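Written below as structure tokens is the structure these notes are about.
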Amino acid sequence: MSWSCSNYLCLSSSSSSSLVNSNELTRFNRRNLSCEYKEERRKDNDLKRPINISAYNGLKSPSYKLDKAQRRKEHVLKKPNNICAYYSLKPPSYKFDALEPYMSKRTLEVHWGEHHRGYVETLNKYLSKNDVLYGYTMDELIRVTYNNGNPLPEFNVAAQVWNHDFFWESMQPGGGNLPILGLMDQIEKDFGSFANFRQEFIESALTLFGSGWVWLVLKRNEKRLAIATTTNAVTPLVWDDIPLLSLDMWEHAYYLDYKNDRARYANVFMDHLVSWNAVLGRMARAQAFVNLGEPKIPVA
Amino acid sequence: MAFRSLVTGKTLGGLSRFQQQIRGLQTFTLPDLAYDYGALEPAISGDIMQLHHQKHHQTYITNYNKALEQLDDAIAKGDASTAVKLQSAIKFNGGGHVNHSIFWKNLAPTREGGGEPPHGALGWAIDQHFGSMEKLVAKMNAEGAAVQGSGWVWLGVDKELKRLVVETTANQDPLVTKGASLVPLVGIDVWEHAYYLQYKNVRPDYLKNIWKVINWKYASEIYDKECP
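Protein chains in written order, with this note's numbering: chain A, 1 to 300; chain B, 301 to 528.
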């Protein structure tokens with residue numbers, strides 16, 4: 001199905017939202033199948049539809065359940081003649097209540113379902129009006145709209161879409177503990193010890209004024225790890241460093257769970273939420289671009 | 301020593317208020333609200349008011365006092381780099397204290413005149429400059445909703461040019477950072493902590509409802525003082 005194409009792009013007809021798209025296209029194809037077979041196919045497709053997560057979690061269910069007459073009319077009138085590719089809202093790879101009690105189901109429902117979804121929809125709205133920006137990939141779009149420090153209005157939404165996808169992937173149920181393998185070695189090399197790194201990371205989070213993000217980045221030129229903080233929607237992508245881990249310090253990320261207790265939120269993130277596996281994977285990928293030196297080859 | 305600090309109340313980083321007054325350092329305390337926490341319902345919930353006042357504003361004041369103390373030390377020792385380094389903390393926390401003190405006075409329960417449009421000079425100036433009260437509200441709501449991240453939206457008066465202005469500031473920057481002659485009349489906090497528990501991410505709803513509890517009497521007083 002269209003969701004499997006890429007991380008971000010999905011096919012949709014111009015007038016419908018990403019929730020309805022794939023179903024309309026397959027309905028078009030299924031027109032010629034018999035009734036029972038259609039029933040079977042529809043059931044299978046329901047299971048395969050990843051967007052069902054939103055229905056499962058109690059958010060507004062997808063509005064494709066029209067009655068028979070409406071459905072027949074719909075797919076005759078709404079022929080997908082104007083297919084464009086937009087950005088879609090990718091759900092986190094864990095269920096919303098999987099991060100309890102450190103990040104509540106309600107926070108995820110609102111943070112992902114409303115904030116992140118709002119960013120995606122606004123981005124799609126901008127892109128539908130602007131052909132030049134529409135042609136860029138996500139990374140390029142962020143860099144171009146950042147405009148070297150003078151951001152265009154699309155920057156905020158584009159960067160926040162990227163940032164939030166990155167953030168969901170930076171967390172996992174049963175996260176925390178210590179980093180492993182090469183990541184641990186690199187942290188010890190660049191920060192002295194993991195405890196130092198952890199303290200510095202949390203301090204940066206607490207001294208951040210206003211809304212922003214805290215990042216663990218791999219600096220390309222200096223070939224080392226560093227901690228960076230950014231305000232609002234800025235990401236290390238714009239100055240060409242490689243982000244490995246992020247922590248959302250916008251108030252909406254922690255307010256429902258921790259009210260104004262940012263210190264507890266930052267500590268809980270470090271102890272129980274951060275996915276060192278994801279960071280390790282990102283660092284491994286980053287090493288294709290940045291030479292961090294010879295690996296330790298054991299001598300027999 | 302411990303007894304004295306116990307007696308004089310607030311201790312700040314080891315120094316008691318009494319000792320600081322001897323040093324000549326003016327520190328700040330949390331101002332009280334003129335109304336109950338729950339008096340602004342349903343526009344702003346009592347939970348939000350309590351957290352906003354007792355936790356957020358208090359934190360700004362505590363950190364501001366700490367920064368001032370450190371600045372005082374740095375100046376006394378002639379430590380220029382520390383003095384400059386503290387400026388961002390002072391701007392943030394001091395600005396937070398200044399802005400929130402104005403904010404509490406900007407709000408009033410409906411039964412005490414909250415939401416009642418201004419009469420007199422300010423009302424006339426609003427009509428003249430913006431066309432009508434509705435247009436002003438629409439403009440401020442639009443600008444408030446458009447603020448990225450955290451900030452404030454202000455209705456201020458330029459005391460040199462005798463004009464009303466609508467401005468937004470980022471984080472906790474006070475209105476003067478947008479113009480040295482600007483005096484704030486009405487400020488609306490659009491940091492997420494000001495509305496999140498009640499309105500979640502729907503900032504426009506918060507902005508629409510807060511006008512029901514805005515205290516125009518205070519704004520008129522300030523306006524009359526600056527533009528007699």
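All residues carry an ideal CB built from backbone N, CA and C; glycine is no exception. These numbers come from a predicted model, not from an experiment.
For chain E, check one thing: does any of its Cβ atoms lie closer than 8 Å to the Cβ of K508 (chain B)?
Protein chains A and B are contained in the structure displayed, whereas chain E is not.
Kindly indicate the opening and closing residues of the beta strand (DSSP E) around T229 (chain A).
The residue given as residue 229 (chain A) occupies position 229 in the first sequence. Residues R224 to T231.
To the nearest angstrom, how far is it from the Cα of N399 (chain B) to the Cα of I297 (chain A)?
Indexing the second sequence from 1 puts residue 399 (chain B) at position 99. Indexing the first sequence from 1 puts residue 297 (chain A) at position 297. If I take the Cα positions, the gap works out to 59 Å.
Mind pulling the alpha helix (DSSP H) runs of 4 or more residues that sit fully within the region 75–135 of chain A?
Counting whole runs of 4 or more residues, the region 75–135 of chain A contains the alpha helix (DSSP H) stretches 105–110, 117–129 and 131–134.
Between which residues of its own chain and K517 (chain B) is the CB-CB distance below 6 Å, once the five residues before and five after are set aside?
The residue given as residue 517 (chain B) occupies position 217 in the second sequence. Answer for K517 (chain B): G413, listed in chain order.
Using a cut-off of 7 Å between C-beta atoms, extract the partners of F392 (chain B) located in chain A.
Indexing the second sequence from 1 puts residue 392 (chain B) at position 92. Ordered by position in chain A, the residues that pass the 7 Å Cβ test against F392 (chain B) are F209.
Is S204 (chain A) buried or exposed, if buried means 16 or more other CB atoms sit within 10 Å of its CB?
Mapped onto the first sequence, residue 204 (chain A) falls at position 204. Its Cβ being crowded by 16 or more others within 10 Å, S204 (chain A) is buried.
Would you verify that the beta carbon of Y134 (chain A) is, or is not, closer than 8 Å to some beta carbon of chain B?
Residue mapping note: residue 134 (chain A) aligns to position 134 of the first sequence, counting from 1. Taking Cβ atoms only, chain B never reaches closer than 8 Å to Y134 (chain A), which makes this a no.
Would you check if the distance between the CB atom of M283 (chain A) and the CB atom of G192 (chain A) is smaller than 8 Å?
Translated into positions along the first sequence, residue 283 (chain A) becomes position 283. Translated into positions along the first sequence, residue 192 (chain A) becomes position 192. No, the Cβ-Cβ distance between M283 (chain A) and G192 (chain A) is not below 8 Å.
Once you ignore the five residues that flank A98 (chain A) on each side, which residues in its own chain have a CB closer than 7 Å to its CB?
Here residue 98 (chain A) refers to the residue found at position 98 when the first sequence is read from its first residue. If we look at A98 (chain A) and ignore the five residues flanking it on each side, its Cβ neighbours are P173.
Under the DSSP definition of a beta bridge, which residues are partnered with E467 (chain B)?
As a working mapping, residue 467 (chain B) is identified with position 167 in the second sequence. DSSP lists B:W454 as partners of E467 (chain B).
Let me check understanding here. Comparing Cα to Cα, which of B:N515, B:W491, B:S520 and B:D505 lies closest to H304 (chain A)?
The question about residue 304 (chain A) has no answer, for chain A in this structure spans 1 to 300.
First and last residue of the beta strand (DSSP E) that includes K401 (chain B)?
On the second sequence, residue 401 (chain B) is found 101 positions in, with the first residue counted as 1. Residue 401 (chain B) is actually Ser in this sequence, not Lys. Counting along the chain, S401 (chain B) falls outside any beta strand (DSSP E), though it belongs to the alpha helix (DSSP H) covering Q387 to N406.
Below 7 Å CB to CB, which residues in the same chain sit around P417 (chain B) once its five sequence neighbours on both sides are set aside?
Counted from its first residue, the second sequence places residue 417 (chain B) at position 117. Once the five neighbours on either side are set aside, the close Cβ partners of P417 (chain B) are G423, M433 and W516.
Just the C-alpha distance for A380 (chain B) and M103 (chain A), rounded to the nearest angstrom, thanks.
Start at 1 with the first residue of the second sequence, and residue 380 (chain B) comes out as number 80. Start at 1 with the first residue of the first sequence, and residue 103 (chain A) comes out as number 103. Distance between the alpha carbons of A380 (chain B) and M103 (chain A): 43 Å.
Please list the partners that S450 (chain B) has in chain A, where partner means a Cβ-to-Cβ separation under 7 Å.
As a first step, residue 450 (chain B) is located in the second sequence; it is residue number 150 there, counting from the start. Per Cβ cutoff of 7 Å: G210 and S211.
With 16 other CB atoms within 10 Å as the buried threshold, where does P151 (chain A) fall?
Along the first sequence, read from residue 1 onward, the residue named residue 151 (chain A) stands at position 151. With 16 or more other Cβ atoms within 10 Å, it is buried.
Counting only beta-carbon atoms, is H493 (chain B) nearer than 8 Å to chain A?
Taking the first residue of the second sequence as 1, we reach residue 493 (chain B) at position 193. True, the Cβ-Cβ gap to chain A drops below 8 Å.
Please classify W250 (chain A): does DSSP put it in a helix, a strand, or coil?
Mapped onto the first sequence, residue 250 (chain A) falls at position 250. Note: W250 (chain A) maps to coil in three-state DSSP.
For F289 (chain A), which residues in the same chain have their Cβ closer than 6 Å to its Cβ, ignoring the five residues on either side in sequence?
As a first step, residue 289 (chain A) is located in the first sequence; it is residue number 289 there, counting from the start. Excluding positions up to five away in sequence, the list is empty.
One question on the structure: do T469 (chain B) and W452 (chain B) come within less than 8 Å of each other, judged by their Cβ atoms?
Within the second sequence, numbered from 1, the residue matching residue 469 (chain B) stands at position 169. Within the second sequence, numbered from 1, the residue matching residue 452 (chain B) stands at position 152. For T469 (chain B) and W452 (chain B), yes; Cβs fall inside 8 Å.
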